[in-house]
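Enquirer: Following this message is one structure expressed as structure tokens.
2 protein chains.
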Amino acid sequence: MPYPAFDPRSIARHARPRTSVLSLLYAAIVGVTLIPLIAQAQPAAPLSAADSNPAKLGWMVGSPPPADKIIRFSDPDYFSFPKLRWTVCHFRQLMPTVNVSRGLGAPVPLKRSIDDAIDAVTFTPLGGDTPMTWEQSLAANYTDGIVVLHHGVVVYERYNGCLDEAGQHGAMSVTKSLTGLLGEMLVAEGTLDATAKVDTIVPELARSAFGDATVRQVLDMATGLHYDENYADPESEVWRYAAAGNPLPKPADYTGPRTYYEYLETVRKQGRHGVAFGYKTINSDALGWIIARVSGKSVAQLLSERIWSRMGAEQDGYYTVDSIGTPFAGGGFNAGLRDMARLGQLLLDDGVVNGQRLLPKAAIDDIRSGGDKAAFTKAGYPLLKGWSYRNMWWVTHNRHGAFMARGVHGQALYIDPTADVVIARFSSHPVAGNAINDPTTLPAFAAVAEYLVEQRD
Amino acid sequence: MPYPAFDPRSIARHARPRTSVLSLLYAAIVGVTLIPLIAQAQPAAPLSAADSNPAKLGWMVGSPPPADKIIRFSDPDYFSFPKLRWTVCHFRQLMPTVNVSRGLGAPVPLKRSIDDAIDAVTFTPLGGDTPMTWEQSLAANYTDGIVVLHHGVVVYERYNGCLDEAGQHGAMSVTKSLTGLLGEMLVAEGTLDATAKVDTIVPELARSAFGDATVRQVLDMATGLHYDENYADPESEVWRYAAAGNPLPKPADYTGPRTYYEYLETVRKQGRHGVAFGYKTINSDALGWIIARVSGKSVAQLLSERIWSRMGAEQDGYYTVDSIGTPFAGGGFNAGLRDMARLGQLLLDDGVVNGQRLLPKAAIDDIRSGGDKAAFTKAGYPLLKGWSYRNMWWVTHNRHGAFMARGVHGQALYIDPTADVVIARFSSHPVAGNAINDPTTLPAFAAVAEYLVEQRD
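So the sequences go chain by chain: G and A. Heads up: the first sequence begins at 1 in UniProt numbering, then just goes up one per residue. Heads up: the second sequence begins at 1 in UniProt numbering, then just goes up one per residue.
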């Protein structure tokens, strides 16, 4: 698939992303351009949020747009900054997708009690010493939209860039957390045995690295896989995965895997399972396959039936798909921002919405409790000390017990059970990898949660 | 675009569609298979509706589906019977699309007063002498879904094949009627001058056949165009148009037009404008361009803003798009069936829904009054004697004043102002062209309208 989520560490290794000539070359060799160059073409000092606003740059405006303002799926840079700031709201216009129906009933409106004073909430960025306001953080993080719920009520909502309240935005790796949620839901319901070996559920994976992993190890990305998500390396496995998942017809001389599933069958083992956390998108797609096999439904169908059609959503969501219609469980979900906030509130409320239980409380408890901190530490995220990863959710273990879903260009779903706060954010940061925006994101989220507790409770 | 609507006459000329070896060859020459072979591969006696039900045939079931049950956009037969019976409900899973938002509010439910006795309504097919029941006509026409409104109330609703009430289905050439409606709406509102020459609005078309046509001639397809929609002829212009609109990357040696607009610029004149009706999809796309230029919005945006988000729709609709995001105004719309019925009721109610005027009455009056009957007669539709074509709607001029939108595999939106009846149908008939299903469609629709007047008024 063209845009698996980044491993934040790859950013840490490459503090200043380079224009990747090698990647361009590789794309040329592949013939049809199968591979977007994700956020590698930006200059050392990328355009600001205001200056890279897609409306200002005029992408895809006009009938037809001017030639230099057209964004095509076949362009190698369709998902590079600044084009990505348009693309994040328009994936379905570039590639095939599958619907996640909200059902046919009336949406359940979120109550509103707007507090614009939130703009002035101040925090100090990680590693910095100059305070910043919440409002300043929005542009710093290239925020396309952000909604804050307190006690389930919308207290703050802003849109910018390509997004508005009726739009849909790529959730990127936030998708993984949905996949993990569905997986743990099936575990809690007894449909999926977390202790089972993967090959007993998906025999096609028997000879792959996944074969002798447990479902639990996949859920927690504690698998030992030969798979590198370093986008700066044209030899990286991530490019083979992108080529396999790309829905475009393959060049005549293409001999690699042609679908997500075919790729997953080829993954080789590296190290042992159960030792360390390793953030690799292919775990989410393997879990999507496991979910499809045990439930008889794709993640798109299951998400619609169990959650999206029952939580009062305003809009359908959608997944991008590969050439045989498999939803990209590792990063292909798109949705309206308020509906992401509804999902966060559903988790905060132990799986109950509008008086109806949609998810087992045990599943949400299992996420909140977090995973193996020692395994997480081995993965080496300097900004996320003391965190863990469980069921494809990032668990802060801070004193509020907050947990997060995180996407590659700053997408976030932040759930703070103590403050009773949910923050849903879509963004299109020039740099792929949250290590870049975490300093102006994590303390901002915590500061707003504190503010809401202090000022409004 | 891969599926411009058929000219029904091409079916009349080829009573028994042949497997088109030439088309296959052409596709092979083009390299990447740009061209679907539309409904040309079916045997002389195609499978029945029951035997070709996509659920029975198992298309795209399983994770992954069995190799021989996968339908890919790059397959030359993805839109051939029987695969098309799956494809009509899943265009977005095969190609890029653009949303037609229903807005974020609550849908306005249609009232229901179901009358299953409609199943037994009897009619005699055109040219036949054996009576048939309405219920029998559903299978005969490969009906995927049908809704009948009487006085705005749902009196009948059935789903079959790939469709259910929460699904979306390709409207095919019913799309043209939406484009024509938007165009005539702009005319009635004074935004678009129907007497203007096209080149004064879209200068890019100045050197094409459209340049010296009036907007009115385009609206009524009374243009003289060198363009043949005969799908059985691999030299037909329709294939060049399909290649231009196909969103897949073009082969390296492809030299033709790369978008709908680029193709339209190349259309040569044949004969004179204003003389005869000639059903050619490219008129609808030229109109879509005109609409975009005068309104500043694509047909997808305009349809959403003016109609779909204001008529109480249950579901978003969508258009397929070409490689630069242009909606296929000639055949790319997809929607839920009940929403199509809502649209029909809006027209029947002179443009007012739920007490709110969405469309000028004058626009709807202009459609209902019909077009130039003499011009229509010259086009030679033996089953549609006395009809006319106006603003891309088919006007029966029967004693009920019924008018229709018609799609290539039996899609229909039938509006009978006298009986106060709307019939919305999605179907996937094996044969592309309504001349095949009209005998079991037109008298069936009229009979149900008569029944409703007699039994329920």
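Beta carbons: idealized from backbone N, C-alpha and C, even for Gly.
#1: Please report the straight-line C-alpha distance between asparagine 398/A and serine 369/A, rounded to a whole angstrom.
#2: Using 8 angstroms as the cut-off, can you tell me whether the region 347 to 363 of chain G makes contact with the region 304 to 322 of chain G, which would need three or more C-beta pairs spanning the two stretches below that distance?
#3: Check whether chain A comes within 8 angstroms of glycine 312/G, counting only Cβ atoms and requiring the distance to be less than that.
#4: Check whether chain A comes within 8 angstroms of glutamine 455/G, counting only Cβ atoms and requiring the distance to be less than that.
#5: Alpha carbons only, please: which of Ala444/A, Gly274/A and Met340/A is nearest the one belonging to tyrosine 389/A?
#6: Please classify leucine 384/G: is it buried, with 16 or more other beta-carbons within 10 angstroms of its beta-carbon, or exposed?
#7: For a cutoff of 8 angstroms on Cβ pairs, would you count isoleucine 282/A as touching chain G?
#8: If you follow the beta strand (DSSP E) that leucine 149/A is part of, which residue opens it and which one closes it?
#9: Using the three-state DSSP reduction, which class does methionine 311/G fall into: helix, strand or coil?
#10: Which residue wins for smallest C-alpha separation from lysine 373/A, given the options Val395/A, Ala362/A, Val352/A and Ile364/A?
#11: Taking CB distances under 8 angstroms as the criterion, tell me whether alanine 171/G reaches chain A.
#12: I need the DSSP call for glycine 170/A, collapsed to helix, strand or coil.
#13: Find the nearest neighbour of serine 427/A within the set Phe73/A, Tyr142/A, Ser74/A and Pro417/A, judged by alpha-carbon distance.
#14: Taking 8 angstroms as the cut-off, decide whether the C-beta atoms of proline 247/G and proline 54/G are in contact.
#15: Just the chain G side, please: which residues come within less than 8 angstroms of aspartate 316/A by C-beta, in chain order?
#16: Return the chain-ordered ranges of every beta strand (DSSP E) run that is complete within the region 335 to 417 of chain G and spans a minimum of 3 residues.
#17: In three-state terms, what does DSSP make of alanine 5/G?
#18: By the 10 Å Cβ neighbour count, where 16 or more other Cβ atoms means buried, how is isoleucine 114/A classified, buried or exposed?
#19: At least one CB of chain A closer than 8 angstroms to the CB of isoleucine 146/G: is that the case?
#20: Taking the alpha carbon of methionine 404/G as the reference point, which residue from Ala379/G, Thr377/G, Asp75/G and Leu442/G has its own alpha carbon closest?
#21: Closer than 8 angstroms, Cβ to any Cβ of chain G: which residues of the region 249 to 271 of chain A, in chain order?
#22: Please classify serine 434/G: does DSSP put it in a helix, a strand, or coil?
#23: Return no unless some Cβ of chain G is closer than 8 angstroms to the Cβ of tryptophan 387/A.
#24: What residue from Gly380/G, Tyr381/G and Met392/G has the CA that sits closest to glycine 371/G's CA?
#25: Measure how close the beta-carbons of glycine 325/A and threonine 281/A come, nearest whole angstrom, since I'm counting them as under 8 angstroms.
#26: If I follow the unbroken alpha helix (DSSP H) through glycine 245/A, where does it start and stop?
#27: Could you name the residues of the same chain whose beta carbon sits closer than 7 angstroms to that of alanine 244/G, not counting the 5 residues immediately before and after it, in chain order?
#28: Can you name the residues of chain G whose CB is closer than 8 angstroms to the CB of glutamate 157/A?
#29: Give me, in chain order, the residues of the same chain whose beta-carbon lies closer than 7 angstroms to that of glutamine 270/A; leave out the 5 immediate sequence neighbours on both sides.
#30: Need the endpoints of the alpha helix (DSSP H) that glycine 190/A sits in, please.
#31: Since alanine 440/G and proline 125/G are thought to touch, with beta carbons under 8 angstroms apart, how far apart are those beta carbons, to the nearest angstrom?
#32: Near proline 4/G, what residues of its chain come up, given a Cβ to Cβ distance below 7 angstroms and the 5 sequence neighbours on each side ignored?
#33: Given that a residue counts as buried once 16 or more other Cβ atoms are within 10 Å of its Cβ, and exposed if not, what is glutamate 454/G?
#34: Report the neighbours of threonine 179/A on chain G: residues whose CB is nearer than 8 angstroms to its CB, in chain order.
#35: Are the region 61 to 68 of chain G and the region 131 to 145 of chain G touching, with three or more C-beta to C-beta distances below 8 angstroms?
#36: Please confirm whether serine 52/G and phenylalanine 81/G have their CB atoms less than 8 angstroms apart.
Expert: The answer reads as follows:
#1: Rounded to whole angstroms, the gap between the alpha carbons of asparagine 398/A and serine 369/A is 12 angstroms.
#2: yes
#3: no
#4: no
#5: Gly274/A
#6: buried
#7: Taking Cβ atoms only, chain G never reaches closer than 8 angstroms to isoleucine 282/A, which makes this a no.
#8: 143 to 150
#9: coil
#10: Val395/A
#11: It does not: the Cβ of alanine 171/G has no partner Cβ on chain A nearer than 8 angstroms.
#12: strand
#13: Tyr142/A
#14: no
#15: Contact of aspartate 316/A with chain G by beta-carbon distance below 8 angstroms involves Gln315 and Asp316.
#16: 388 to 390, 393 to 395, 403 to 406 and 412 to 416
#17: Bear in mind that the predicted position of alanine 5/G carries a pLDDT of just 34, short of 50, making it too unreliable to give a figure here.
#18: exposed
#19: no
#20: Leu442/G
#21: Pro249, Thr259 and Tyr261
#22: The question names serine, yet the displayed sequence has asparagine at residue 434/G. Residue state, collapsed to three classes: helix.
#23: no
#24: Met392/G
#25: Not really, about 19 angstroms apart at Cβ, beyond 8 angstroms.
#26: 237 to 245
#27: Gly256, Pro257, Arg258, Thr259, Tyr260, Glu262 and Tyr263
#28: In chain order: nothing, as chain G lies at least about 13 angstroms away.
#29: Gly224, Leu225 and His226
#30: Per DSSP, glycine 190/A belongs to no alpha helix (DSSP H) and is neither H nor E.
#31: Reading off the sequence shown, one finds threonine at residue 440/G, where the question assumed alanine. Rounded, the Cβ-Cβ distance is 5 angstroms, consistent with contact.
#32: Residue placement at proline 4/G cannot be trusted, given a pLDDT of 36 that sits under 50; what the coordinates show is reported in the next sentence. Within the same chain, proline 4/G has close Cβ partners Glu229, Val238, Tyr241, Ala242, Thr281, Gly330 and Gly331.
#33: exposed
#34: Residues of chain G passing the Cβ test: none, with the nearest at roughly 14 angstroms.
#35: no
#36: yes
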